[in-house]
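Scroll down for the structure; my scribbles are underneath it.
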Amino acid sequence: VQRKVTQLDWSLDKLDRGGYAHYMLKEIYEQPVALVDTLNSMLDRRLGELFSLAEQPCVKLLEEAQELVLVACGTSWHAALLGKYWIEHLAKIPVSVELASEFRYRELISRKGTVVVGISQSGETADTLAVLREMKKQKVPTIGISNVRGSSILREADAVFYTSAGPEIGVAATKTFMAQMLAMFLLAGYLGVKRQNSISEGLLMGDSTLQVSSHLGNANVFPKLFEDLVLLPHLLTSGLDPNSEMVKQILEINQKLGEVKGFFFIGRGYSFPIALEGALKLKEIAYDHAEGYAAGELKHGPIAMIDEGMVVVVLAPLDSWRDKTVSNLEEVKARGARILGIGDSKDLDLKGLCDFWIPLPEGSRKISPILLPFLLTPAIQLLSYYRAVLKGTDVDKPRNLAKSVTVE
Ligand code: M6R
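Residue numbers for the sequence shown follow the numbering used here, beginning at 2 and rising by one.
Here it is, written out as structure tokens:
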């Protein structure tokens with residue numbers, strides 16, 4: 002059998018721990034580079050156009066899409082959920098987000114223009130691959146998004162976008178999630194620019210009210226979004242600095258938390274998928290009971306669980322949803338839960354309501370709030386990481402888990 006040789010651009014020095022206690026920690030710290038590398042590999046900056054994706058077969062498929070179905074598992078599913086929010090907001094294309102393990106046994110009602118996108122950092126997840134295989138049989142166009150060149154997803158999808166986070170050894174996905182979020186955002190930006198949508202400048206520039214008042218035309222918002230995107234690696238680097246207030250607070254909180262009956266992570270809008278990811282990370286490596294909720298869902302049942310034994314992690318950055326999230330915070334506070342807030346460093350009102358406080362990096366106020374998931378992410382990752390270390394779990398190889406889930 003003749004096989005095509007695929008050259009991986011990964012070097013051996015990327016495979017040691019580089020002085021970090023765990024791969025997971027190293028990979029959290031590699032996130033600014035993962036962003037830069039993914040930006041450079043997915044875009045063709047020579048074209049001089051905003052969000053211009055490098056020419057490749059999946060770009061054409063994407064352009065023809067009238068509707069996207071994003072399919073994934075675990076952390077990749079959280080990236081897909083963010084993708085839905087960004088694509089619908091910036092490109093006004095309907096997007097549905099599906100768990101691969103469910104979707105593969107359901108019927109897809111596809112229309113002309115439906116494109117199915119499978120997102121898998123490993124490119125080997127059995128359920129995600131099965132969906133792509135089935136779609137191919139049904140002649141539905143498919144795109145894969147993966148971090149591993151030469152992985153099986155290349156065979157199953159019609160075309161693939163690659164993220165460039167480099168090899169990830171820790172079982173808990175960190176830098177690959179960061180790169181997937183960026184991939185989602187780039188697709189949204191690309192489709193938005195292409196489709197000449199007009200969106201509210203107010204919403205993008207950081208108004209704290211959700212008002213889509215004046216429609217300005219994309220000429221005004223996409224350049225600003227792109228500038229902000231380029232700032233992200235710097236902001237992440239400053240947040241991850243061991244002397245930053247974010248890291249210092251996380252270490253301190255970790256010492257104080259002690260016994261916790263359970264954690265809730267709550268957020269609204271763009272913070273909701275990060276709440277889900279925060280809960281997953283904590284379960285995965287620290288073995289704490291944790292659940293992620295859209296903050297508005299609390300009163301539909303979960304709030305019955307709240308008492309003094311619970312810690313509620315409230316993701317309330319300065320965006321259109323901040324005030325509503327704060328009112329949910331007050332509800333759980335009144336029922337005795339300890340509150341760990343994550344928000345803007347100057348949001349002293351919010352800080353005052355919290356028992357524990359993690360500020361986002363200073364510069365985060367300058368960027369569009371729709372990009373804040375990128376900055377909330379390292380906070381929830383480090384929170385879980387240090388809690389796991391304190392509990393003495395095997396951070397890089399948590400029990401019962403495998404890096405690639407290649408069976409059902
Ligand atoms: O390789 P994939 O992105 O397809 O993997 C999907 C999930 O198994 C994966 O994201 C899992 O949830 C991670 N261990 C989370 O940290």
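We treat Cβ as the ideally placed atom computed from N, Cα and C, and that holds for glycine.
Being a predicted model, the structure only gives us computed values, none of them experimental.
Helix, strand or coil at A280 according to DSSP, with G and I counted as helix: Position 279 of the sequence shown, counted from the first residue, corresponds to residue 280. Of the three classes helix, strand and coil, the one that applies to A280 here is helix, per DSSP.
K5, buried or exposed, once every other Cβ within 10 Å from all chains shown has been counted against 16: Within the sequence shown, numbered from 1, the residue matching residue 5 stands at position 4. Exposed: under 16 other Cβ atoms inside 10 Å.
Per DSSP, cross-strand counterpart(s) of G119: Here residue 119 refers to the residue found at position 118 of the sequence shown. Residue pairing by DSSP puts G119 in a beta bridge opposite V72 and G145.
Beta-carbon separation (whole angstroms), K113 vs V98, contact threshold 8 Å: On the sequence shown, position 112 is the one that residue 113 refers to. On the sequence shown, position 97 is the one that residue 98 refers to. Contact annotation, K113 with V98: C-beta distance approximately 21 Å; criterion of less than 8 Å not satisfied.
C-beta contact flag for V141 and V117 at 8 Å: Position 140 of the sequence shown, counting from 1, holds the residue named residue 141. Position 116 of the sequence shown, counting from 1, holds the residue named residue 117. Contact flag set, yes.
Simplified DSSP state of R18, which is helix, strand or coil: Position 17 of the sequence shown, counting from 1, holds the residue named residue 18. Three-state DSSP puts R18 in coil, outside helix and strand.
Closer than 7 Å: V161 CB and nearest the ligand M6R heavy atom: By one-based count along the sequence shown, residue 161 stands at place 160. Result no, Cβ not under 7 Å from the ligand M6R.
Segment limits, beta strand (DSSP E) that includes R336: For the purposes of this step, residue 336 is taken as residue 335 along the sequence shown, with counting starting at 1. Looking at the DSSP string, R336 is not in any beta strand (DSSP E), and its letter there is neither H nor E.
Limits of the unbroken alpha helix (DSSP H) element including M311: Here residue 311 is taken as the residue at index 310 of the sequence shown, counted from 1. In this chain, M311 is not harboured by any alpha helix (DSSP H); it is covered by the beta strand (DSSP E) spanning M311 to L316.
Where V406 sits in the DSSP three-state scheme: Taking the sequence shown and counting its residues from 1, one reaches residue 406 at position 405. Correct three-state label for V406: coil.
Y24 vs D397 beta-carbon contact at 8 Å: Translated into positions along the sequence shown, residue 24 becomes position 23. Translated into positions along the sequence shown, residue 397 becomes position 396. Result yes, Cβ atoms of Y24 and D397 sit closer than 8 Å.
Coarse secondary structure for E253, derived from DSSP in three states: Position 252 of the sequence shown holds residue 253. DSSP places E253 in helix when its eight states are reduced to three.
Any non-hydrogen atom of the ligand M6R within 7 Å of S102 CB: By one-based count along the sequence shown, residue 102 stands at place 101. Shortest gap from the CB of S102 to any heavy atom of the ligand M6R: 7 Å or more.
Whether L258 touches S365 by CB criterion (8 Å): The residue given as residue 258 occupies position 257 in the sequence shown. The residue given as residue 365 occupies position 364 in the sequence shown. 8 Å or more divides the Cβ of L258 from the Cβ of S365.
Near the ligand M6R: L230 beta-carbon under 7 Å from a heavy atom: Position 229 of the sequence shown, counting from 1, holds the residue named residue 230. Checking the Cβ of L230 against the ligand M6R gives no.
Three-state secondary structure (DSSP) of P399: Position 398 of the sequence shown, counted from the first residue, corresponds to residue 399. DSSP, reduced to helix, strand and coil, places P399 outside both helices and strands of the structure shown, so it counts as coil.
Cβ distance (whole Å) where G119 is taken to contact S153 below 8 Å: Taking the sequence shown and counting its residues from 1, one reaches residue 119 at position 118. Taking the sequence shown and counting its residues from 1, one reaches residue 153 at position 152. The beta carbons of G119 and S153 sit about 11 Å from each other, so the pair does not count as a contact at 8 Å.
Same chain only: Cβ atoms within 6 Å of A389, ignoring 5 sequence neighbours per side: To locate residue 389, count along the sequence shown from 1; it is residue 388. So the qualifying residues of the chain are I286, A287 and V396.
Which of helix, strand or coil DSSP assigns to I371: Locating residue 371 in the sequence shown gives position 370, where the first residue counts as 1. Note: I371 maps to helix in three-state DSSP.
Test item: CB-CB of G193 and L71 under 8 Å: Here the question's residue 193 lines up with position 192 in the sequence shown. Here the question's residue 71 lines up with position 70 in the sequence shown. In this structure, L71 does not lie closer than 8 Å to G193 by Cβ.
Separation of L187 from H301, as counted between CA atoms: Sequence index remark: in the sequence shown, residue 301 carries index 300 (1-based). Sequence index remark: in the sequence shown, residue 187 carries index 186 (1-based). Taking the straight line joining both Cα atoms gives about 35 Å.
Pair within 8 Å by beta-carbon distance, D324 and P370: The residue labelled residue 324 in the question sits at position 323 within the sequence shown. The residue labelled residue 370 in the question sits at position 369 within the sequence shown. When the beta-carbon positions are compared, D324 and P370 stay at least 8 Å from each other.
beta-carbon F389 near the ligand M6R non-hydrogen atom, thresh 7 Å: For the purposes of this step, residue 389 is taken as the residue at position 388 of the sequence shown. The residue you asked about is not Phe; residue 389 is Ala in the sequence shown. For the ligand M6R, not one heavy atom lies less than 7 Å from the Cβ of A389.
Cut-off 8 Å between Cβ atoms - residues of its own chain near T7, not counting five sequence neighbours on either side: Here residue 7 refers to the residue found at position 6 when the sequence shown is read from its first residue. Correct list, in chain order: R150 and G151.
Local conformation of Y191 per DSSP, three classes: Stepping through the sequence shown from its first residue, residue 191 is reached at position 190. Reduced to three states, the DSSP call for Y191 is helix.
Proximity to L377 [Cα-Cα], best of L48, A276, R46 and N41: Taking the first residue of the sequence shown as position 1, residue 377 is located at position 376. That would be A276, whose Cα lies nearest to the Cα of L377.
Runs of alpha helix (DSSP H) wholly within the stretch 15 to 59 (minimum 4 residues, chain order): Taken in chain order, the complete alpha helix (DSSP H) segments of 4 or more residues contained in the stretch 15 to 59 are 24 to 30 and 32 to 43.
Cβ distance (whole Å) where W322 is taken to contact R400 below 8 Å: Against the sequence shown, residue 322 aligns to sequence position 321. Against the sequence shown, residue 400 aligns to sequence position 399. Not confirmed; about 35 Å, so no contact.
A22 to G171 span [Cα, whole Å]: Counting from 1 along the sequence shown, the entry for residue 22 is found at position 21. Counting from 1 along the sequence shown, the entry for residue 171 is found at position 170. Just so you know, the alpha carbons of A22 and G171 end up roughly 12 Å apart.
Reduced DSSP secondary structure (H/G/I, E/B, other) of S97: Walking along the sequence shown from the start, residue 97 turns up at place 96. Look at S97 here: in three-state DSSP terms it is strand.
Three-state class that DSSP yields for Y294 in the structure shown: Numbered from its first residue, the sequence shown carries residue 294 at position 293. Looking at Y294 - three-state DSSP - the assignment turns out to be strand.
Limits of the alpha helix (DSSP H) - the one that L267 falls within: Position 266 of the sequence shown holds residue 267. The sequence given here has Ile at residue 267, not Leu. First-last for I267: G263 to G268, but that is the beta strand (DSSP E), not the alpha helix (DSSP H).
Check whether K284 and A291 have beta carbons under 8 Å apart: In the sequence shown, the residue the question calls residue 284 occupies position 283. In the sequence shown, the residue the question calls residue 291 occupies position 290. In contact: K284 and A291 (Cβ atoms closer than 8 Å).
Rounded C-alpha distance that separates F52 from A80: Position 51 of the sequence shown, counting from 1, holds the residue named residue 52. Position 79 of the sequence shown, counting from 1, holds the residue named residue 80. Looking at the two C-alpha atoms, the distance is approximately 19 Å.
Inter-residue Cα distance where the pair is F104 and E253: Counting from 1 along the sequence shown, the entry for residue 104 is found at position 103. Counting from 1 along the sequence shown, the entry for residue 253 is found at position 252. Note on geometry: alpha-carbon atoms of F104 and E253 lie some 42 Å from one another.
First and last residue of the uninterrupted beta strand (DSSP E) at I154: Translated into positions along the sequence shown, residue 154 becomes position 153. That residue, I154, is in no beta strand (DSSP E); its alpha helix (DSSP H) goes I154 to E157.
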